[in-house]
Amino acid sequence: MHFLSRNPAYLSQDDDALRDLRLADISLSTHNTFQNLESLNLEMSVLASKPPTPPPGPESLARDYRDAQAREAVLTTPTALTDPSRRPLLDKSGKPLKVFTLTGGRKQLQDGVFRSGHNLPTMSIDEYLEEERKRGGIIEGGGEASGIIVEPDEDDYEKGEAETLKARAWDEYVEENPKGAGNTLNRG
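In structure tokens:
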């Protein structure tokens, strides 16, 4: 129907199709109406089976009056407004009126901090650093000693030849693989 309301010329030539469409729309509306009536009947039966509310008696009125008086006394008392420790924690519906901390098992929790399953340190930080230094896990250097450049030994031809070959190999690699010629298809 929504489509036909936007395109009225779609079924303008075919009267039988338009008639069938209108009948289907009426049938759908009738079905929806009966569904809603059934839902209302079910809701009425649920409401009818609910227990009746008792009429307000004098005891409920007196209780409401006492509750209102107590609430007013709590809110208008100067100490209740200024001293937060004297205010109640919860209101009548159970919502907290102020922040509080549960401290029932504080001593028990405090005693259970370092129990048998808790791993205490076995060495000090200095001992650990000394062990790491022995293992070679700490990089040392820097400062003035790192600025000293060791001059190559001119008489050691084999070492010089090895460095030259390494430099040539690197130059050849750079020439064969220019910058930016890598994975241009983004594969892998």
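In terms of my numbering, the sequence shown has 1529 at position 127, counting the first letter as 1, and numbering is strictly consecutive.
C-beta: ideal position from N, C-alpha, C; glycine also.
Predicted model, so just to flag it, every value in this text is computed and none were measured.
Spatial distance of residue i from residue j (CA atoms)
i: S1424; j: H1433; result: Note that residue 1424 is Arg in the sequence shown, not Ser. Going from the Cα of R1424 to the Cα of H1433 covers about 14 Å.
i: R1468; j: P1456; result: 20 Å
i: P1580; j: G1562; result: 27 Å
i: T1586; j: Y1575; result: 18 Å
i: R1570; j: S1526; result: 51 Å
i: D1427; j: P1453; result: 42 Å
i: G1519; j: K1500; result: 37 Å
i: S1447; j: S1441; result: 10 Å
i: K1536; j: D1528; result: 12 Å
i: A1482; j: G1496; result: With a pLDDT of 49 at A1482, under the threshold of 50, the modelled position of this residue cannot be trusted, and the question is left open.
i: F1516; j: G1507; result: 16 Å
C-beta atoms of residue i and residue j nearer than 8 Å
i: I1540; j: E1534; result: yes
For residue i, three-class secondary structure by DSSP
i: L1499; result: coil
i: L1430; result: helix
i: L1423; result: helix
i: L1492; result: strand
i: N1443; result: helix
i: E1574; result: helix
i: Y1530; result: helix
i: S1462; result: helix
i: F1516; result: coil
i: T1566; result: helix
i: G1549; result: helix
i: A1450; result: helix
i: Q1415; result: coil
Same chain, Cβ closer than 6 Å to residue i, neighbours up to 5 away in sequence not counted
i: F1596; result: Missing from the structure shown is residue 1596; the chain here goes from 1403 to 1590 and no further.
Same chain, Cβ closer than 8 Å to residue i, five either side skipped, listed in chain order
i: A1472; result: none
i: F1405; result: Y1412
i: A1470; result: none
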